[in-house]
Amino acid sequence: MTGPPGSPRDDDPGPAGWSVGRVRAPAFWRNVRVLQVLGQVVFVLVLLWLLRGLYENLRSSVGRIGLDLSFDFLQTRAGIPIKEGISYDPNQSYLRAYLVGLVNTLRVAGVGIVLATTLGLIAGVARLSPNWLIRRTAQVYVEVFRNTPVLVQIVFWYFAVILALPVIGGGSLGGVAFLSNRGTAIPWPRGEPGAGVWALLVLAGIPLAGLAHRWRTRVNERIGEPTRPLAWAAGAFLAVAIAGFVLTGSPVRFDVPELVGRRYEGGFQLSGEFTAVLLGLVVYTAAFIAEIVRGSILAVEKGQKEAAMALGLHPAQQLRLVVLPQAMRIAIPPINSQFLNLTKNSSLAVAVGYPELGSISSTIINQAGRATQVTLLVMLTYLTISLAISVCMNLLNRSVAYRGVRR
Amino acid sequence: MIGPPEGSPRVVLAGGDERAVAIAPAAVPLTPAESLRQNLFSSWWNGALTIGAGLLVGYLGQALLRWALVTADWDVVAANLRLFMIGRFPVAEAWRIWAATYLIAVLAGASWAASGARLRWTPSLIALRAIAAAATLAFLLFLLDGLRIWVLLVGLGAAVGLGVAIGRAGARRLVRPLLIGWAASFPVVIVLLVGFGGVPPQRWGGLVLNLLVAVVGIFASFPVGILLALGRRSALPAIQLASVGLIEFVRGAPLYIWLLFGEFVLPFMLPAGLDLPRIVRAMIVVTLFSSAYVAEIVRGGLQGVHHGQYEAGRALGLSTTRLMGLVVLPQALRNTIPALIGHFISLFKDTSLLAVIGFIDALRIARISPQGVFQGDLKQTLLFAALLFWIVAFSMSRWSQRLERRLGVGER
Amino acid sequence: MATRDGDAMIEVEGVEKWFGRFQALKGITTRVGRGEVVVVLGPSGSGKSTFIRCINRLERHDRGRIVVDGIELTDDIRDIEQVRSEIGMVFQSFNLFPHLTVLQNITLAPRNVRRTPKGEAEAKAIELLERVGIPEQALKYPAQPSGGQQQRVAIARALAMEPKIMLFDEPTSALDPEMIKEVLDVMAELARSGMTMIVVTHEIGFAKAAADRVLFFDEGQLVEESTPDRFFREPENERSKRFLSQILL
Numbered sequence: 004m005t006g007p008p009g010s011p012r013d014d015d016p017g018p019a020g021w022s023v024g025r026v027r028a029p030a031f032w033r034n035v036r037v038l039q040v041l042g043q044v045v046f047v048l049v050l051l052w053l054l055r056g057l058y059e060n061l062r063s064s065v066g067r068i069g070l071d072l073s074f075d076f077l078q079t080r081a082g083i084p085i086k087e088g089i090s091y092d093p094n095q096s097y098l099r100a101y102l103v104g105l106v107n108t109l110r111v112a113g114v115g116i117v118l119a120t121t122l123g124l125i126a127g128v129a130r131l132s133p134n135w136l137i138r139r140t141a142q143v144y145v146e147v148f149r150n151t152p153v154l155v156q157i158v159f160w161y162f163a164v165i166l167a168l169p170v171i172g173g174g175s176l177g178g179v180a181f182l183s184n185r186g187t188a189i190p191w192p193r194g195e196p197g198a199g200v201w202a203l204l205v206l207a208g209i210p211l212a213g214l215a216h217r218w219r220t221r222v223n224e225r226i227g228e229p230t231r232p233l234a235w236a237a238g239a240f241l242a243v244a245i246a247g248f249v250l251t252g253s254p255v256r257f258d259v260p261e262l263v264g265r266r267y268e269g270g271f272q273l274s275g276e277f278t279a280v281l282l283g284l285v286v287y288t289a290a291f292i293a294e295i296v297r298g299s300i301l302a303v304e305k306g307q308k309e310a311a312m313a314l315g316l317h318p319a320q321q322l323r324l325v326v327l328p329q330a331m332r333i334a335i336p337p338i339n340s341q342f343l344n345l346t347k348n349s350s351l352a353v354a355v356g357y358p359e360l361g362s363i364s365s366t367i368i369n370q371a372g373r374a375t376q377v378t379l380l381v382m383l384t385y386l387t388i389s390l391a392i393s394v395c396m397n398l399l400n401r402s403v404a405y406r407g408v409r410r
Numbered sequence: 286m287i288g289p290p291e292g293s294p295r296v297v298l299a300g301g302d303e304r305a306v307a308i309a310p311a312a313v314p315l316t317p318a319e320s321l322r323q324n325l326f327s328s329w330w331n332g333a334l335t336i337g338a339g340l341l342v343g344y345l346g347q348a349l350l351r352w353a354l355v356t357a358d359w360d361v362v363a364a365n366l367r368l369f370m371i372g373r374f375p376v377a378e379a380w381r382i383w384a385a386t387y388l389i390a391v392l393a394g395a396s397w398a399a400s401g402a403r404l405r406w407t408p409s410l411i412a413l414r415a416i417a418a419a420a421t422l423a424f425l426l427f428l429l430d431g432l433r434i435w436v437l438l439v440g441l442g443a444a445v446g447l448g449v450a451i452g453r454a455g456a457r458r459l460v461r462p463l464l465i466g467w468a469a470s471f472p473v474v475i476v477l478l479v480g481f482g483g484v485p486p487q488r489w490g491g492l493v494l495n496l497l498v499a500v501v502g503i504f505a506s507f508p509v510g511i512l513l514a515l516g517r518r519s520a521l522p523a524i525q526l527a528s529v530g531l532i533e534f535v536r537g538a539p540l541y542i543w544l545l546f547g548e549f550v551l552p553f554m555l556p557a558g559l560d561l562p563r564i565v566r567a568m569i570v571v572t573l574f575s576s577a578y579v580a581e582i583v584r585g586g587l588q589g590v591h592h593g594q595y596e597a598g599r600a601l602g603l604s605t606t607r608l609m610g611l612v613v614l615p616q617a618l619r620n621t622i623p624a625l626i627g628h629f630i631s632l633f634k635d636t637s638l639l640a641v642i643g644f645i646d647a648l649r650i651a652r653i654s655p656q657g658v659f660q661g662d663l664k665q666t667l668l669f670a671a672l673l674f675w676i677v678a679f680s681m682s683r684w685s686q687r688l689e690r691r692l693g694v695g696e697r
Numbered sequence: 005m006a007t008r009d010g011d012a013m014i015e016v017e018g019v020e021k022w023f024g025r026f027q028a029l030k031g032i033t034t035r036v037g038r039g040e041v042v043v044v045l046g047p048s049g050s051g052k053s054t055f056i057r058c059i060n061r062l063e064r065h066d067r068g069r070i071v072v073d074g075i076e077l078t079d080d081i082r083d084i085e086q087v088r089s090e091i092g093m094v095f096q097s098f099n100l101f102p103h104l105t106v107l108q109n110i111t112l113a114p115r116n117v118r119r120t121p122k123g124e125a126e127a128k129a130i131e132l133l134e135r136v137g138i139p140e141q142a143l144k145y146p147a148q149p150s151g152g153q154q155q156r157v158a159i160a161r162a163l164a165m166e167p168k169i170m171l172f173d174e175p176t177s178a179l180d181p182e183m184i185k186e187v188l189d190v191m192a193e194l195a196r197s198g199m200t201m202i203v204v205t206h207e208i209g210f211a212k213a214a215a216d217r218v219l220f221f222d223e224g225q226l227v228e229e230s231t232p233d234r235f236f237r238e239p240e241n242e243r244s245k246r247f248l249s250q251i252l253l
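The listed protein sequences correspond, in order, to chains D, H and U. Residue numbering for the first sequence follows this note's numbering, starting at 4 and increasing by one per position. Residue numbering for the second sequence follows this note's numbering, starting at 286 and increasing by one per position. Residue numbering for the third sequence follows this note's numbering, starting at 5 and increasing by one per position.
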């Protein structure tokens, strides 16, 4: 007999000569399969009816106040002043304003994710430090900042810290960086002629570093002694970068912000709002990441560490070669959630006036009214961003997953 | 040469056996100096770290303490305490809140005692608790004015004590009644607050508003979340797709956007004539948001139930509903209690977003109370609001950790 | 031991079952009479478990007929439920409900499916626990008793629904050796009391002592069926001979 079956055939005589006759299908109202399909059909119908009802209500209510459900309004003039972000002026469309918000969200989320991971890693490892003081300090940090709402933290950073900083012209760090209640201004590298050439040279340094790494690894495989391939690779890269820098005539200078009138000019400027939101998000999320890091290191079986010890590896090696690689695999999915949370929490910037997606949408709704379209657009946007982050983390997850484990 | 080394202590076994048995010296407890050495200065790197960290922490710590105790004026908090706690809840009806609090206190005390927990009294814990008690007392003495509130607070302590006594007396037998009690406490509290000429949700405020919205959110999202989780695991594609779609869509957007939805879009979706108050719409949105997360948590719990359980149930002839209700869900929910508590803590913290939508919750009070005489005291009010949130969240998190440890021991 | 003639409790005709492209059962035909004890032997992957799981509809057969006590197993819900209520099953991994006591495990189904009142159900449960030899375990939770005791609880739980047929899917395979006997003893007593049983097992001793008939499965086919005596001494089929040579030293 081959192939998947169909239903029993009527004329199948059956073996052993027993009187089989045809297999009767049960009455449809008692037939398990029919009921399953029927159940789904009913469910879908009810769902569609419900959705249609909501939609109809929406349309008629919106119509009654003279608006519609189209997205055309996005092309009309916004008239919204936005303090920071990509180039924009209030005469541009709502769509443009929306885009400004989107970029601002990506900015704060991107920098936030990087900083939060770094701080979280440090705090997580500190939580496990044999040094009692470090351990307790990290614990206090985590317990305090995890249990306070992130909105309260952001508001606090902004109103109680940033706005309390000295006015422009006041505080400075070493005369080159300036903190004020309007934000931070720090020196920033600026390219001169020849910088392009230098950049190319630096890029060329990367494959060179790769070659150096491979060479030293081969030597190590041959002779067994440690040959520090990473150090050599880094050294090669730096050598090329520095040599290139000198050869092209030092084409990069630091732009130091200067006080001009009532503002700073030059350098790189971070608005107070951005700084507050960034600080709030980073400190909050890092506390959660710290717990994840700690949990994942603890979750690596004790036996692994013992086996590493028995093999003669010393603590740093145990950590680097055995514990951390396994801990990382455990930590990636929950850290992904934290990244998504950070991105979504950035919408709280509305409380301090940082013009990201959440606050700009809110303004658009207040001004243009079409709340349905705007909320739908915003939800889809955040959904897409979340998806993008999750896809990246999934790729990372897959690349570190154990081979050959059947899940 | 066989036999124990020279000088090792000799023990005479009771049976008269004269063979000496070498006993290792008992572990000598570390003196304070040695303990310090081991924990903080075990190596030069460690020592350097300790000194560096110590200086930093010390500096920040004393700066913070100096500001908090000397520089800052906390009168703004004392003057607005009632606002912080209950917002503009009419004072004449405040007894309702006290009644609800007493009820919860008795339940909490009984639950704690019935679970067999006992306070441990090691020297360090005694010291810690004494300091905490003293600090709290000092803080309260500063904040609270008048005899009445002190009487009410002492009464609260007595209520907890009563609960503990009941719990100790009943122990295991009380588990079921207590569970019913907690489940019933939700509608009872609502009736207490709203019923019989009470105060509708529109007038709630302060910390109580945050608590109530969180509690309503959790209770209401529980059944919805379980349904969504079951739907997501359904073998029927239509139901599974719908569940997944809803869960991912709700989780994909920030709560703030959903609150905007509840504020601006939901009213249009409702049939004309149905006018829900703002706070109710916010609660609906919070419930929806919470359900998606509860669904994911319960789904994880369902996955943890051995598939053999389904088979045994079916072989016994249990119908699907009975199978789910009597066998699968109880196990799934038990597995996920710590995660559910963690979610409740998050939900509670998220209620601070009500401030941004214009509701008068604890955070909003913190923002608006520094006026007039108290102009510029924003730091104090914000810190106090943060403290209120923190106390609730931290206690729940501690409780959850304890629960996790006890459940994880696998008594069953 | 019951005879083979008389009413057939279970009739299986030409049953075939696929899992995707893999055919697990390739046309099984047999009968089990009332009170008969049938032992199913065979290498792993031969379809033994699939076969008995088809009988109480834990798996759905794709072709052929299965008739249990006169009721044919089709997609008809009511028929399925009725068949299930007449069959009890004991699993390799016990599958006791961990959140309920032993007593509650046994009374759950009678109280919720048969609507038996609590007192009556509990009395019956204690009786069954005594029958399997462990009445003192009644208030313990499943994780506490030993493996052999847990499996006996599982047997009592299945018996609480007063089945006419008992299916055993490798009931002792997950037990430590010293606990196997206590479970087999219970099963043997059950056989003596006249229960119709189908037992998938590797325990040859049990087959020799308690079985009326042995079914040998290999690669989805019912290769040979005969009495235990004849099967173990002079198997007719080549594959049977090979299997026996592998398991008997």
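C-beta atoms are modelled at their ideal positions from N, C-alpha and C, and glycine is treated no differently.
Restricting to runs no shorter than 4 residues, where is the alpha helix (DSSP H) found entirely within the stretch 456-525 of chain H?
460-479, 491-517, all fully within the stretch 456-525 of chain H.
Find the residues of chain U that neighbour A44 (chain D), judging by a C-beta separation of less than 7 angstroms, and give them in chain order.
To locate residue 44 (chain D), count along the first sequence from 1; it is residue 41. What sits at residue 44 (chain D) in the sequence shown is Val, not Ala. Within chain U, no residue has its CB atom less than 7 angstroms from the CB of V44 (chain D), the nearest being about 17 angstroms off.
Identify which residue in H:P556, H:Y387, H:L603, H:G530 has its Cα closest to the Cα of L61 (chain D).
The sequence position of residue 61 (chain D) within the first sequence is 58, counting from 1. Between L61 (chain D) and the set H:P556, H:Y387, H:L603, H:G530, the nearest pair of CA atoms involves H:P556.
Any contact between the stretch 76-94 of chain D and the stretch 348-366 of chain D? By contact I mean 3 or more CB pairs, one from each, below 8 angstroms.
Yes, since at least three Cβ pairs between the stretch 76-94 of chain D and the stretch 348-366 of chain D fall closer than 8 angstroms, the two stretches touch.
Cutoff 8 angstroms: D222 (chain U) Cβ touching any chain D Cβ
Residue 222 (chain U) sits at position 218 when you count from the first residue of the third sequence. For D222 (chain U), the answer is no, since every Cβ of chain D falls outside 8 angstroms of its Cβ.
When burial is assigned at 16 or more other CB atoms within 10 Å of the CB, is W380 (chain H) buried or exposed?
What you label residue 380 (chain H) is simply residue 95 of the second sequence in a count that begins at 1. In the assembly as shown, W380 (chain H) is an exposed residue. Its beta-carbon has fewer than 16 other beta-carbons within 10 Å.
Give me the chain U residues within the contact set of E596 (chain H), using Cβ-Cβ distance strictly less than 9 angstroms, ordered along the chain.
Within the second sequence, residue 596 (chain H) is the residue found at index 311, counting from 1. Going along chain U in sequence order, the residues near E596 (chain H) (Cβ under 9 angstroms) are R57, L62, M93, F95, N99.
Nearest-angstrom Cα distance between I14 (chain U) and Q588 (chain H)?
What you label residue 14 (chain U) is simply residue 10 of the third sequence in a count that begins at 1. What you label residue 588 (chain H) is simply residue 303 of the second sequence in a count that begins at 1. The straight-line gap from Cα to Cα measures roughly 35 angstroms.
Can you confirm whether I1 (chain U), when its beta carbon is compared against all beta carbons of chain D, has any partner nearer than 8 angstroms?
Outside the shown range of chain U (5 to 253) lies residue 1 (chain U), about which nothing can therefore be said.
Grab me the residues of S340 (chain D)'s own chain with a C-beta within less than 7 angstroms of its C-beta, minus the 5 sequence neighbours each way, in chain order.
Within the first sequence, the letter at position 337 stands for residue 340 (chain D). Hits under 7 angstroms: none found.
Mind pulling the chain U residues with CB within less than 8 angstroms of V35 (chain D)?
As a first step, residue 35 (chain D) must be located in the first sequence, where it is residue number 32. In chain order: D79, D80, I81, I84.
Looking only at its own chain, which residues have a Cβ that is under 8 angstroms from the Cβ of F162 (chain D), when we skip the five neighbours before and after it?
The residue labelled residue 162 (chain D) in the question sits at position 159 within the first sequence. Only V355 meet the Cβ criterion.
Using a Cβ-Cβ distance cut-off of 8 angstroms, determine whether G127 (chain D) contacts chain H.
The residue you call residue 127 (chain D) lines up with position 124 of the first sequence. It does not: the Cβ of G127 (chain D) has no partner Cβ on chain H nearer than 8 angstroms.
Pair every Cβ in the stretch 591-601 of chain H with every Cβ in the stretch 529-542 of chain H, then say whether three or more of these pairs are closer than 8 angstroms.
In short, these stretches do not touch, since the Cβ pair count stays below three.
Could you name the residues of chain D that P556 (chain H) contacts, counting a contact when the two beta carbons are closer than 7 angstroms?
Within the second sequence, residue 556 (chain H) is the residue found at index 271, counting from 1. Close to P556 (chain H), with beta-carbon spacing below 7 angstroms, are these residues of chain D in chain order: N60.
Length of the line joining the Cα atoms of P465 (chain D) and F248 (chain D)
This structure cannot speak to residue 465 (chain D), because chain D is shown only from 4 to 410.
Short of 7 angstroms Cβ to Cβ, which residues in the stretch 373-392 of chain D face chain H?
Within the stretch 373-392 of chain D, contact with chain H at the beta-carbon level (separation under 7 angstroms) is assigned to A374, T375, T378, V381, M382, Y385, L386, S389.
Would you report the Cα separation of S244 (chain U) and D173 (chain U), rounded to the nearest angstrom?
To locate residue 244 (chain U), count along the third sequence from 1; it is residue 240. To locate residue 173 (chain U), count along the third sequence from 1; it is residue 169. Between S244 (chain U) and D173 (chain U), the alpha-carbon positions lie close to 21 angstroms from each other.
Contact criterion: CB-CB distance below 8 angstroms. Does R25 (chain D) meet it with respect to chain U?
Within the first sequence, residue 25 (chain D) is the residue found at index 22, counting from 1. Note that R25 (chain D) scores a pLDDT of 44, beneath 50, so its modelled location is shaky; the value from the coordinates is reported in the next line. Judged by the 8 angstroms Cβ criterion, R25 (chain D) is not in contact with chain U.
I'd like the list of long-range same chain contacts for Q525 (chain H), defined as Cβ closer than 7 angstroms, with 5 residues on each side in sequence excluded.
Sequence index remark: in the second sequence, residue 525 (chain H) carries index 240 (1-based). The residues are G516, R517, S519.
Starting from A164 (chain U) and walking both ways along the beta strand (DSSP E), at which residues does that stretch end?
Along the third sequence, read from residue 1 onward, the residue named residue 164 (chain U) stands at position 160. From DSSP, A164 (chain U) is part of no beta strand (DSSP E); its letter is neither H nor E.
May I ask you to verify whether the stretch 226-241 of chain U touches the stretch 74-87 of chain U, counting CB pairs closer than 8 angstroms and requiring at least 3?
Verdict: no, contact absent.
Distance check for L38 (chain D) and L477 (chain H), CA to CA, integer angstroms please.
Position 192 of the second sequence, counted from the start, is the residue given in the question as residue 477 (chain H). Position 35 of the first sequence, counted from the start, is the residue given in the question as residue 38 (chain D). C-alpha of L477 (chain H) to C-alpha of L38 (chain D): approximately 45 angstroms in a straight line.
Does the beta carbon of P462 (chain H) sit closer than 8 angstroms to a beta carbon anywhere in chain U?
Numbered from 1 along the second sequence, position 177 holds the residue referred to as residue 462 (chain H). Cβ-Cβ to chain U under 8 angstroms: no for P462 (chain H).
In angstroms with no decimal places, state the Cα-to-Cα distance between S89 (chain U) and G224 (chain U).
Within the third sequence, residue 89 (chain U) is the residue found at index 85, counting from 1. Within the third sequence, residue 224 (chain U) is the residue found at index 220, counting from 1. Approximately 27 angstroms, taken between the alpha carbons.
Roughly how many whole angstroms lie between the Cα atoms of T375 (chain D) and Q156 (chain D)?
One-based indexing of the first sequence puts residue 375 (chain D) at position 372. One-based indexing of the first sequence puts residue 156 (chain D) at position 153. If you take the alpha carbons of T375 (chain D) and Q156 (chain D), they lie about 30 angstroms apart.
Selected residue, minimal CA-CA separation from V41 (chain U), among U:R246, U:D180, U:F26, U:A12
Numbered from its first residue, the third sequence carries residue 41 (chain U) at position 37. Of the candidates U:R246, U:D180, U:F26, U:A12, the residue whose Cα lies closest to the Cα of V41 (chain U) is U:A12.
For L252 (chain U), the three-state DSSP class (helix, strand or coil)
Sequence index remark: in the third sequence, residue 252 (chain U) carries index 248 (1-based). Correct three-state label for L252 (chain U): coil.
Give the residues of chain H in contact with F76 (chain D), contact being defined as C-beta atoms less than 9 angstroms apart.
The count along the first sequence starts at 1 and reaches residue 76 (chain D) at position 73. Here the premise fails: no neighbours, minimum Cβ distance about 15 angstroms.
Would you mind sorting G431 (chain H) into buried or exposed? The rule is 16 or more other CB atoms within 10 Å of its CB.
Translated into positions along the second sequence, residue 431 (chain H) becomes position 146. Label assigned to G431 (chain H): exposed.
Can you say whether R161 (chain U) is buried or exposed, counting buried as having 16 or more other CB atoms within 10 angstroms of its CB?
Translated into the one-based positions of the third sequence, residue 161 (chain U) becomes position 157. Around the beta carbon of R161 (chain U), a 10 Å sphere encloses 16 or more other beta carbons of the protein chains shown; the residue is thus reported as buried.
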